[in-house]
Each structure stands twice: as structure tokens, then as C-alpha cells.
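This report refers to the structure that appears directly beneath it.
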Amino acid sequence: MTRPLLCAALLMLLPLSTLRVSADPASSPAPGEPYELVRTLQAVQDDIARGDTAAHGSHVALIRQVGEKFLAADAGVWSNAQNGQAVVIYLLSGGGPQIVRKLPREKLNVDERLFNGALAYVEGRQDEARELLKDVKPRSLPSGLGGQVALVQGALFARAEASLAIERLDDARLLLPGTLVEEAALRREILLVGQAEDFDKFEFLTLAYIRHYRNSVYAGDFWQRFSSGLTQSSLALDERRFARITTLLEQIDRASRLKLYLVIARTAMMQGRMAVTRLAGERALTLSADASADRERAHFFRGVSRALTDEYDGGVAELKALDRSKLPERDVPLLNATLQLALDVRKPFAGGSAAAADKPPVTPARLDLASSTATLARAQKQLGELELLTRERRP
972 MTRPLLCAAL LMLLPLSTLR VSADPASSPA PGEPYELVRT LQAVQDDIAR GDTAAHGSHV
1032 ALIRQVGEKF LAADAGVWSN AQNGQAVVIY LLSGGGPQIV RKLPREKLNV DERLFNGALA
1092 YVEGRQDEAR ELLKDVKPRS LPSGLGGQVA LVQGALFARA EASLAIERLD DARLLLPGTL
1152 VEEAALRREI LLVGQAEDFD KFEFLTLAYI RHYRNSVYAG DFWQRFSSGL TQSSLALDER
1212 RFARITTLLE QIDRASRLKL YLVIARTAMM QGRMAVTRLA GERALTLSAD ASADRERAHF
1272 FRGVSRALTD EYDGGVAELK ALDRSKLPER DVPLLNATLQ LALDVRKPFA GGSAAAADKP
1332 PVTPARLDLA SSTATLARAQ KQLGELELLT RERRP
């Protein structure tokens, strides 16, 4: 029997006064004070952060049983400040507010702001929770309580005050390292620093998560946030850091990696970042299957980047060879616009001879980016207009 399941079994079988659970139940007993029950709950949740699926399956029952022990406790135990703080931690760890509301509030030795703020948060009264908790300094509290409060503050202020939310999530990580609180703080913070365009911290948090929590039950949520942070910002659009992006993406499964490279390539193309468009397109080519729709899209992005930079002929040939039926509908107008733009680049100047208009140049033309800003601006404008026209039709 795993430790989480044994903990749950003991909680169901023993009264508060005789409960004894520990990491090694057979060797060292632990008292049954409310704050120690909450420590047991947190230990099980920390196992979840390390990937223990049995802990994940049992912790809901454990939360319920801890709540029942709270209700069965003698009223006198709540004068202990540790037990009062444990009620707040219990709430912020998933405990039921309906349980806490049944406790003798007049006996609870706990800061009123913390108690009411935690209750408002778990009951969905976000504005009230923000008002009650905004001035609380997590580092002034015991680390177990401070880390939980900091995590909640990070969630409460994520939209309105992102910089404060990031600061509080840093507090949560520092106060409770190696716990589910740190794991959750990393998941939440990576999206915020992505939106803030802070690549160095984005990279740091990603590597920290991979190092400590890659097996977490919630790792899937982390990678979704990572993907959003990467593709909804300009983090991946600087060719100078593309090698570092590639290193991060190597941690993801092949299918997800391919999807991200395609998103990066398209985003870069729409913003005129042709170097990144090509780099991401080439990565997608190495990951995609022959004759697949993903392979055609990868060729499309690479072809665009070649045709509009210094490999005109090869890029146009790559675009003309595409199987249009395998491209998403929204990409077809972009393909047409790119081909037209590429052909426009080769058009003779007004006043040139008819013979020159019909006869291609003897040597392949190279697009001089330094002297063709007007042409490139027109290209980006056309692509942008087409993007706006097709946006509502995206799947």
C-alpha cells in the first residue's frame, strides 16, 4: 500500500486524539493536532508534484477526512495559533469552505484578513479576496502559510497587476521549495513572464520545472502554459535566441514540438521575421511525416522565407510545388499573395522594353533587403490584410 493510501486509511479509522501518521507509519508516530493533519495533507500533495498518481487519486478523500477531523476536534485546540493558521492552509489546499464555516469562529486564533481572504478566494469572491489579501506580506508569515498565501495572490493579481503577481509567485517558490506550491507557482508564473517578454526568466522557469517537476501529474498544464507563453508573445521571434528555444522544445514530445514550430513559423511570417520563419520551418520539416499536411505547411513557411529573402528561385519553386489541398484554408490566400509578391519583385521597371518584360534575367536576381524596404513593407501589409480577412475563418 502506498503512503498516500495508508494515510487516508488511518484518517478514516482513527479519532483525532489517537491519529498517528508519518512518512514511515510503522516506525514513528505523529500527533493528531489540526496543523499536523494539514502537514500530512501537504505531504501527499507534494507527492503529486513528483508524479505519484496514487497520491493524486487519494488526496480528495484525504481532504474530506481532514475536514471531518477538524469538526470532531475539541474547541480548545483552536486557541493554538498553529491550528488557526492550519485552517487557512487547509482552505487554500483544496479544503471545503462549508467545513470551515462550521468551526467555532470565535475560538479560531488566526488573522482575520487571512481567514476571510482565504474564504472569499475559495468561494469565488475574487474582488473581495483581492481587497483583503493585497497588503499581506507573505514573507512576514510562517513559510507554510506564507507560501500558500503568495500563490493565491499570484492568481488574484495576474490580470490586473502582473508585476505584483510575478513577485508573489517568486515568494511562493522561495518559501515552499520542493512542494506542490512551488510546482503550481512555476506553472502560473511562466505564462506571466512570457507575456512580459522576459525571455531569460521564461527560460529559467522552464528549466527549473523540467529539472524538478517534469513527472508532475500537472505537467500537461505546464506545457500548455509554456506553449501559450512562447507563441502569444515575441519570445520565439528573435533569431539570436532560436538555439535556446530549440533546446527548450527538445523537452517536449515530438508531436507537440512540431505543432509549436509550425505556430512559430506562421507567427514569424506574419510579422516579417523571415529568418525565424525559415528556422522554424526547417525544424518542422525534420519532424513531419512524408506527404503529410504538416510537411506541406513546413514547406510553405520555408518557401516563403526563401522567396522573400535571398533564395528567390528556390523559394518560388518550393511554393509552386506545394499540394494546396493539404494546406489549411486560411493559408491559401497567404500563399497566393506571397507568390504574387515574389513575381512582382521580378517585374521590369516601367519604361523597360517588351523583350525585357518577357525574358527573365540571365542571372538569378537577389533581393537586396537594404534597398527594398518599400517592397518588404508592401509584402507585410498584404500579408497582414489577408490575415485580418481570414482571421474569423480560423478553426
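The numbering used here applies: residue 972 is where the sequence shown begins, and numbers increase by one. Yeah, the Cβ is synthetic: ideal placement off N, Cα and C, and Gly gets one too.
Which whole-angstrom value describes the C-beta separation of arginine 1139 and glutamine 1124, a residue pair presumed to lie in contact below a C-beta threshold of 8 angstroms? Between glutamine 1124 and arginine 1139 the Cβ distance is about 4 angstroms, and since that is below 8 angstroms, they are a contact.
On the CB-based measure, 16 or more other CB atoms within 10 Å of its CB, does alanine 1121 come out buried or exposed? Taking every protein chain shown into account, the CB of alanine 1121 has 16 or more other CB atoms within 10 angstroms, so this residue is buried.
What residue does the alpha helix (DSSP H) around glycine 1038 start on, and which one ends it? Here the alpha helix (DSSP H) through glycine 1038 covers 1024-1043.
Using a Cβ-Cβ cutoff of less than 6 angstroms, which residues in the same chain neighbour leucine 987 once the five nearest sequence positions on both sides are dropped? Only weak support is given to the placement of leucine 987: the predicted model assigns it a pLDDT of 38, under 50, and the value that follows is read from those uncertain coordinates. So the qualifying residues of the chain are Gly1003, Lys1040, Ala1043, Ala1044.
Cutoff 6 angstroms; reference glutamine 1195; Cβ partners in own chain excluding five residues on either side: The answer is none, since no qualifying residue turns up.
For the region 1047-1057 and the region 1024-1036, state whether three or more C-beta atom pairs, one from each stretch, are separated by less than 8 angstroms. Note that the region 1047-1057 does not touch the region 1024-1036; fewer than 3 beta-carbon pairs, one per stretch, sit closer than 8 angstroms.
For chain D, is any of its Cβ atoms less than 9 angstroms away from the one on tyrosine 1180? Within the model displayed, chain D is absent; a lone protein chain is all it includes.
C-alpha distance - valine 1107 paired with arginine 1076, whole-angstrom precision: Looking at the two C-alpha atoms, the distance is approximately 21 angstroms.
Can you list, in chain order, the residues of its chain with a C-beta nearer than 6 angstroms to that of leucine 1147? Leave out the 5 residues immediately preceding and following it. Within the same chain, leucine 1147 has close Cβ partners Gly1118, Glu1153.
Please name the residue in Leu1104, Glu1300, Phe1271 whose C-alpha comes closest to that of glycine 1286. The residue with the shortest Cα to Cα distance from glycine 1286 is Phe1271.
Ignore the nearest five residues each way along the sequence and tell me which others in asparagine 1087's own chain have a CB closer than 6 angstroms to its CB. Hits under 6 angstroms: Leu1103.
Could you give the distance in angstroms between the alpha-carbon of valine 1009 and the alpha-carbon of valine 1059? Between valine 1009 and valine 1059, the C-alpha separation is close to 10 angstroms.
Check for me: the alpha helix (DSSP H) holding tyrosine 1184 runs from which residue to which? Tyrosine 1184 -> alpha helix (DSSP H) spans 1170-1184.
Would aspartate 1098 be called buried (16 or more neighbouring beta carbons within 10 Å of its own) or exposed? With fewer than 16 other Cβ atoms within 10 Å, it is exposed.
Over the uninterrupted alpha helix (DSSP H) stretch that includes valine 1009, give me the two end residues. 1005-1020 is the extent of the alpha helix (DSSP H) around valine 1009.
Helix, strand or coil for leucine 1112? Go by DSSP, reduced to three states. If DSSP states are grouped into helix, strand and coil, leucine 1112 belongs with coil.
Report the rounded CA-to-CA distance for tyrosine 1092 versus aspartate 1018, giving the unit in angstroms. Approximately 25 angstroms, taken between the alpha carbons.
Contact check, glycine 1252 vs alanine 1269 under 8 angstroms by CB: the rounded distance? About 5 angstroms; that satisfies the 8 angstroms criterion.
Threonine 1024: buried (16+ other C-beta within 10 angstroms of its C-beta) or exposed? Threonine 1024 is exposed by the Cβ-count criterion.
Nearest to glycine 1115 by alpha carbon, out of Ala1046, Ser1064, Val1048? Nearest of Ala1046, Ser1064, Val1048 to glycine 1115, Cα basis: Ser1064.
Cβ neighbours of alanine 1260 in the same chain (closer than 8 angstroms, five flanking residues each side left out): Sequence-distant partners of alanine 1260 (beyond 5 residues in either direction) whose C-beta falls short of 8 angstroms from its own C-beta, in its chain, are Arg1266.
Report the option in Leu1157, Ala1129, Leu1163 whose CA atom is closest to the CA atom of arginine 1182. Checked all of Leu1157, Ala1129, Leu1163; the closest Cα to arginine 1182 is Leu1157.
Pull up the distance between the alpha-carbon of leucine 1162 and that of leucine 1206, whole angstroms please. Per the coordinates, the alpha-carbon of leucine 1162 lies some 12 angstroms from the alpha-carbon of leucine 1206.
Could you check if proline 1113 is buried or exposed, using at least 16 other CB atoms within 10 Å of its CB as the buried criterion? Counting of Cβ neighbours within 10 angstroms places proline 1113 among the exposed residues, the total staying below 16.
Considering only their Cβ atoms, is the gap separating leucine 1219 from threonine 1257 smaller than 9 angstroms? Taking 9 angstroms as the Cβ cut-off, threonine 1257 and leucine 1219 do not qualify as a contacting pair.
Cα separation between alanine 1190 and glutamine 1311? Rounded to whole angstroms, alanine 1190 to glutamine 1311 spans 44 angstroms at the Cα level.
Taking DSSP as the reference, what is the three-state secondary structure of isoleucine 1216? DSSP places isoleucine 1216 in helix when its eight states are reduced to three.
Neighbourhood of alanine 1155 by C-beta, 7 angstroms cutoff - its chain only, sequence neighbours within 5 removed: Cβ contact annotation for alanine 1155 (same chain, cutoff 7 angstroms, sequence separation greater than five): Leu1122, in chain order.
Burial state of alanine 1214 (16 or more Cβ within 10 Å): Alanine 1214 comes out exposed.
Spatial neighbours of glycine 1067 in its chain, beta-carbon cut-off 7 angstroms, leaving aside the 5 residues before and after: The beta carbon of glycine 1067 lies closer than 7 angstroms to those of Gly1038 in the same chain, with the five residues before and after it left out.
Within its chain, find whatever has a CB closer than 7 angstroms to the CB of phenylalanine 1173; leave out the 5 residues flanking it on each side and keep chain order. Result list for phenylalanine 1173: Ile1161, Val1164, Gly1165, Gly1200, Leu1206, in chain order.
Which of the three DSSP states is assigned to asparagine 1051 in this structure? In the structure shown, asparagine 1051 sits in coil (DSSP, three-state: anything other than H, G, I, E or B).
Exposure label - alanine 1026; buried when at least 16 CB within 10 Å: It is buried - the Cβ of alanine 1026 has at least 16 other Cβ atoms within 10 Å.
Kindly provide the ranges of any alpha helix (DSSP H) runs that are 4 or more residues long and lie completely inside the region 1216-1242, ordered along the chain. As far as the region 1216-1242 is concerned, its whole alpha helix (DSSP H) runs of at least 4 residues are 1225-1241.
Tell me the DSSP secondary structure of threonine 1280 in three-state form. Three-state result, threonine 1280: coil.
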